[in-house]
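Right, one structure below, let's go through it.
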Amino acid sequence: MNRTLMAATLAATARLGFWTSTHAAADPEIIPLAPNVYAAIRHAPLGLAGNANSLLVVRANDVIVVDAQFTRQATLENLAAIRRLTRLPVSYVINTHWHDDHLAGNQVYRDTFPNVRFVMHANTATDLVTLGAPNREGQVKFAPPTLARFERLLASGLGIDSTPVSAAERASLTNAIGIMRQYVAEASGFRVVEATDTVRTQLTLGTGDDRVEIRWFGRANTRGDLVVSLPARGIVATGDLVVAPVQYAFNSYPAEWVAVLDSVLAMQPRIVVPGHGPVMRDVSYVQSIRRMLARIRDETAGSVARGDSLSATLRSVKLDDERLRITGDEKWMSYMFHSFFLDPAVRRAYEQAKAR
Numbered sequence: 025m026n027r028t029l030m031a032a033t034l035a036a037t038a039r040l041g042f043w044t045s046t047h048a049a050a051d052p053e054i055i056p057l058a059p060n061v062y063a064a065i066r067h068a069p070l071g072l073a074g075n076a077n078s079l080l081v082v083r084a085n086d087v088i089v090v091d092a093q094f095t096r097q098a099t100l101e102n103l104a105a106i107r108r109l110t111r112l113p114v115s116y117v118i119n120t121h122w123h124d125d126h127l128a129g130n131q132v133y134r135d136t137f138p139n140v141r142f143v144m145h146a147n148t149a150t151d152l153v154t155l156g157a158p159n160r161e162g163q164v165k166f167a168p169p170t171l172a173r174f175e176r177l178l179a180s181g182l183g184i185d186s187t188p189v190s191a192a193e194r195a196s197l198t199n200a201i202g203i204m205r206q207y208v209a210e211a212s213g214f215r216v217v218e219a220t221d222t223v224r225t226q227l228t229l230g231t232g233d234d235r236v237e238i239r240w241f242g243r244a245n246t247r248g249d250l251v252v253s254l255p256a257r258g259i260v261a262t263g264d265l266v267v268a269p270v271q272y273a274f275n276s277y278p279a280e281w282v283a284v285l286d287s288v289l290a291m292q293p294r295i296v297v298p299g300h301g302p303v304m305r306d307v308s309y310v311q312s313i314r315r316m317l318a319r320i321r322d323e324t325a326g327s328v329a330r331g332d333s334l335s336a337t338l339r340s341v342k343l344d345d346e347r348l349r350i351t352g353d354e355k356w357m358s359y360m361f362h363s364f365f366l367d368p369a370v371r372r373a374y375e376q377a378k379a380r
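Start counting at 1 in the sequence shown, then tack on 24, and there's your number in this note's numbering.
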C-alpha cells in the first residue's frame with residue numbers, strides 16, 4: 025500500500041498516501057501451514073495503519089521471510105517468533121512491494137543477519153527511492169497533527185467524519201494511533217535497506233518441497249508486486265494483491281490486476297497468505313476481488329466510451345451488492361469500501377481507460 029496515515033479527508037490522503045491495517049500490541053500469531061512453513065499473522069482492526077503478515081519458510085540451513093513490518097518494534101516481534109521456531113539465520117527477506125508496512129522493518133534483519141539478502145522486483149527497488157522517501161517524509165510530517173485530531177474526535181465520541189463513532193471505527197483508529205506513534209518515534213533511526221537481488225519475471229530459491237518460486241505477473245496493486253509460492257506445498261503469499269476483509273486500491277492498475285489474479289488463481293493454491301487478513305484455505309476471496317476489479321474495469325470503460333466525466337463515472341460504478349456482502353452496511357466498513365477500494369479503483373481505471 026502507498027502507505028501513509030489517512031488524514032482527515034481523502035484530499036489529505038491523496039496528498040500523503042496511505043497506510044493499511046492490522047497490528048495491535050500483541051505478538052503475531054504463528055500459524056503452521058506445512059512442515060517448517062508458517063504464517064505470521066497480524067490480528068487487529070482493519071483501518072488506517074498496520075503491519076503486514078509474513079510467510080516464514082524454515083529450511084535445512086536457513087530461513088526465508090516474506091515481508092517485514094511497518095515498525096521496527098513489530099519486526100522485532102516477528103524475529104522473536106522466528107527465534108522460538110529455530111536458531112537458523114534468516115538468509116532472504118522477500119519484499120512483495122515498496123510500501124513501508126511491508127519493508128520498513130528490513131533494517132532489523134540487516135542488523136541481526138549481516139549476510140541476509142533482500143529480494144524485490146526491479147520496479148520496487150526503484151520505487152523505494154523515488155516514491156518511498158517522499159512518502160515517509162510526508163508520513164512523519166503530517167502524522168502528528170492527524171493523530172491528534174483523531175484523538176480529539178474519539179474523546180468526543182466522534183469518528184473521522186465527525187459523526188458518532190462506531191465500535192469498529194473506534195477500534196481501528198485506536199489501533200492506527202498506536203502504530204503511527206511508534207512509527208514516528210522510530211523515524212530518526214530509520215535506514216533504507218536497498219535490494220541485493222532484483223526480480224524481473226521469476227526467481228527460484230532452493231529445490232524439492234522447500235523450493236520457493238518468486239514471480240512477477242504484471243502491474244496490479246503496485247507496479248512491482250511479487251507473488252511468492254511453495255509449489256510443492258500449494259502455498260502462495262500474495263502481498264497486497266489480496267487484503268481482507270476490504271481490499272485497498274490506491275495508485276493501482278485495476279485492469280491489469282485482473283490478469284495478475286488470473287495468474288495467481290492458475291497456480292491453484294490450497295493456502296493463501298494475504299498481505300493483511302487471515303490465512304485463506306481456499307481461493308473464494310481471491311475470486312471475489314477479481315470479480316469486483318473486472319466489474320470496475322468493464323463498467324468504467326463503458327462510462328469512458330460514452331464520454332462520461334469522472335464524477336459521473338464515480339456515481340455510476342457503485343458495486344452496492346458487493347459492498348453489502350462485505351460490509352453488511354456497517355458504518356466504518358462501508359466507509360473503507362468506498363474510500364479505500366471503490367473510489368480509488370474507479371479513479372485509476374478511468375485514468376487508464378482514458379489513456380488507452
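Note that CB positions come from ideal geometry on N, CA and C, so glycine has one too.
Fair warning: this is a prediction, and the values are worked out from it, not measured in the lab.
Please list the terminal residues of the continuous alpha helix (DSSP H) segment that includes Pro-158. Translated into positions along the sequence shown, residue 158 becomes position 134. It spans 156 to 179 - the alpha helix (DSSP H) in which Pro-158 sits, taken as one unbroken run.
Assign Gln-376 to one of two classes, buried (16 or more other C-beta atoms within 10 Å of its C-beta) or exposed (fewer than that). As a position in the sequence shown, residue 376 is number 352, starting the count at 1. It counts as buried.
Which residue comes first and which comes last in the alpha helix (DSSP H) that contains Gln-97? Within the sequence shown, numbered from 1, the residue matching residue 97 stands at position 73. Counting along the chain, the alpha helix (DSSP H) containing Gln-97 begins and ends at 96 to 109.
With respect to the beta strand (DSSP E) encompassing Pro-298, which residues constitute its N-terminal and C-terminal limits? For the purposes of this step, residue 298 is taken as residue 274 along the sequence shown, with counting starting at 1. Taken as a continuous stretch (DSSP letters only), the beta strand (DSSP E) holding Pro-298 covers 295 to 300.
Rounded C-alpha distance that separates Gln-93 from Val-132: For this step, residue 93 is matched to residue 69 along the sequence shown. For this step, residue 132 is matched to residue 108 along the sequence shown. About 10 angstroms.
Please look up how many angstroms separate the CB atoms of Ser-327 and Ser-335, rounded, as I've assumed it's under 8 angstroms. Residue 327 sits at position 303 when you count from the first residue of the sequence shown. Residue 335 sits at position 311 when you count from the first residue of the sequence shown. About 11 angstroms separates the beta carbon of Ser-327 from that of Ser-335, a gap too long to meet the 8 angstroms contact definition.
Residue of Ala-157, His-121, Arg-319 minimising C-alpha distance to Arg-247: Within the sequence shown, numbered from 1, the residue matching residue 247 stands at position 223. Of the candidates Ala-157, His-121, Arg-319, the one whose C-alpha sits nearest the C-alpha of Arg-247 is His-121.
What separation, rounded to the nearest whole angstrom, lies between the Cα atoms of Ile-350 and Ala-244? The sequence position of residue 350 within the sequence shown is 326, counting from 1. The sequence position of residue 244 within the sequence shown is 220, counting from 1. Using only the alpha carbons, I get a separation of about 21 angstroms.
DSSP beta-bridge partners for Val-81? Looking up residue 81 in the sequence shown gives position 57. Bridge partners of Val-81: Val-61, Ile-88.
Straight-line Cα distance separating Asn-60 from Leu-112: Mapped onto the sequence shown, residue 112 falls at position 88. Mapped onto the sequence shown, residue 60 falls at position 36. Whole-angstrom Cα-Cα distance: 12 angstroms.
Looking only at DSSP bridge pairs, what is Ser-253 linked to? Within the sequence shown, residue 253 is the residue found at index 229, counting from 1. According to DSSP, which records beta bridges pairwise, Ser-253 is partnered with Glu-237, Val-260.
Quick one: what does DSSP say His-145 is sitting in, helix, strand or coil? The count along the sequence shown starts at 1 and reaches residue 145 at position 121. His-145: strand per DSSP, three-state reduction.
With 16 other Cβ atoms within 10 Å as the buried cut-off, status of Pro-158: For the purposes of this step, residue 158 is taken as the residue at position 134 of the sequence shown. Looking at its Cβ environment, which holds fewer than 16 other Cβ atoms inside 10 Å, Pro-158 is exposed.
Measure the C-alpha to C-alpha separation of Ile-106 and Lys-342 and round it to an integer number of angstroms. By 1-based counting over the sequence shown, the position of residue 106 is 82. By 1-based counting over the sequence shown, the position of residue 342 is 318. In a straight line, the C-alpha of Ile-106 is about 43 angstroms away from that of Lys-342.
Taking the alpha helix (DSSP H) that Ser-115 falls in, what are its first and last residues? If you number the sequence shown from 1, residue 115 lands on position 91. For Ser-115, no alpha helix (DSSP H) encloses it; the enclosing beta strand (DSSP E) starts and ends at 114 to 118.
Roughly how many angstroms separate the alpha carbons of Arg-134 and Ala-63, rounded to a whole number? The residue given as residue 134 occupies position 110 in the sequence shown. The residue given as residue 63 occupies position 39 in the sequence shown. Each residue's Cα considered, the two are about 21 angstroms apart.
Could you tell me the distance, in whole angstroms, from the CA atom of Asp-306 to the CA atom of Asp-234? Here residue 306 refers to the residue found at position 282 when the sequence shown is read from its first residue. Here residue 234 refers to the residue found at position 210 when the sequence shown is read from its first residue. Approximately 21 angstroms, taken between the alpha carbons.
In whole angstroms, what separates the C-alpha of Thr-154 from that of Phe-274? Against the sequence shown, residue 154 aligns to sequence position 130. Against the sequence shown, residue 274 aligns to sequence position 250. The straight-line gap from Cα to Cα measures roughly 17 angstroms.
So what does Thr-228 bridge to, in DSSP terms? Against the sequence shown, residue 228 aligns to sequence position 204. Partner residues in the beta bridge of Thr-228, as assigned by DSSP, are Glu-237.
Is it true that the CB of Leu-254 sits closer than 8 angstroms to the CB of Ile-238? Locating residue 238 in the sequence shown gives position 214, where the first residue counts as 1. Locating residue 254 in the sequence shown gives position 230, where the first residue counts as 1. No, these two residues do not count as a Cβ contact at 8 angstroms.
Please specify which runs of the beta strand (DSSP E), each continuous and at least 3 residues long, are wholly inside the region 268 to 297, giving them in chain order. Within the region 268 to 297, no beta strand (DSSP E) run of at least 3 residues lies entirely inside it.
Helix, strand or coil: which one does DSSP assign to Arg-380? Here residue 380 refers to the residue found at position 356 of the sequence shown. Coil, per DSSP.
Let me know if Pro-169 comes out buried or exposed under the rule of 16 or more other beta-carbons within 10 Å of its beta-carbon. Residue mapping note: residue 169 aligns to position 145 of the sequence shown, counting from 1. Around the Cβ of Pro-169, a 10 Å sphere holds fewer than 16 other Cβ atoms; the residue is exposed.
Hey, could you find the ends of the beta strand (DSSP E) Asp-221 is sitting in? Taking the first residue of the sequence shown as position 1, residue 221 is located at position 197. Element bounds for Asp-221: 221 to 223.
Using only the alpha-carbon positions, how far apart do Ala-379 and Ser-276 sit? Stepping through the sequence shown from its first residue, residue 379 is reached at position 355. Stepping through the sequence shown from its first residue, residue 276 is reached at position 252. Their backbone Cα atoms lie some 15 angstroms apart in a straight line.
Residue range of the unbroken alpha helix (DSSP H) whose run includes Trp-356: Residue numbering aside, residue 356 sits at position 332 when the sequence shown is read from its first letter. Counting along the chain, the alpha helix (DSSP H) containing Trp-356 begins and ends at 355 to 360.
At least three beta-carbon pairs within less than 8 angstroms, the region 69 to 78 to the region 290 to 302: Taking a cut-off of 8 angstroms for Cβ pairs, the region 69 to 78 and the region 290 to 302 touch, as three or more such pairs fall below it.
Measure the C-alpha to C-alpha separation of Leu-285 and Val-310 and round it to an integer number of angstroms. Locating residue 285 in the sequence shown gives position 261, counting from the first residue. Locating residue 310 in the sequence shown gives position 286, counting from the first residue. Roughly 7 angstroms separates the two Cα atoms.
I believe Ser-358 touches Arg-371 by the beta-carbon criterion, under 8 angstroms. Please report the beta-carbon distance rounded to the nearest angstrom. Counting from 1 along the sequence shown, the entry for residue 358 is found at position 334. Counting from 1 along the sequence shown, the entry for residue 371 is found at position 347. Actually they are not in contact, since the Cβ atoms of Ser-358 and Arg-371 sit about 18 angstroms apart, beyond 8 angstroms.
If you run the structure through DSSP and keep just helix, strand and coil, what is Val-189? Locating residue 189 in the sequence shown gives position 165, counting from the first residue. Here DSSP, grouped into helix, strand and coil, assigns Val-189 to coil.
Would you mind working out which of Glu-210, Ile-203, Leu-70 sits nearest Ser-196, comparing C-alpha positions? If you number the sequence shown from 1, residue 196 lands on position 172. For Ser-196, the nearest C-alpha among the options comes from Leu-70.
Keeping to the same chain, check which residues put their C-beta closer than 7 angstroms to that of Phe-174; ignore five residues upstream and five downstream. As a position in the sequence shown, residue 174 is number 150, starting the count at 1. The residues Ile-184, Leu-197, Ile-201, in chain order, have a CB closer than 7 angstroms to that of Phe-174 in the same chain once the five nearest residues on each side in sequence are set aside.
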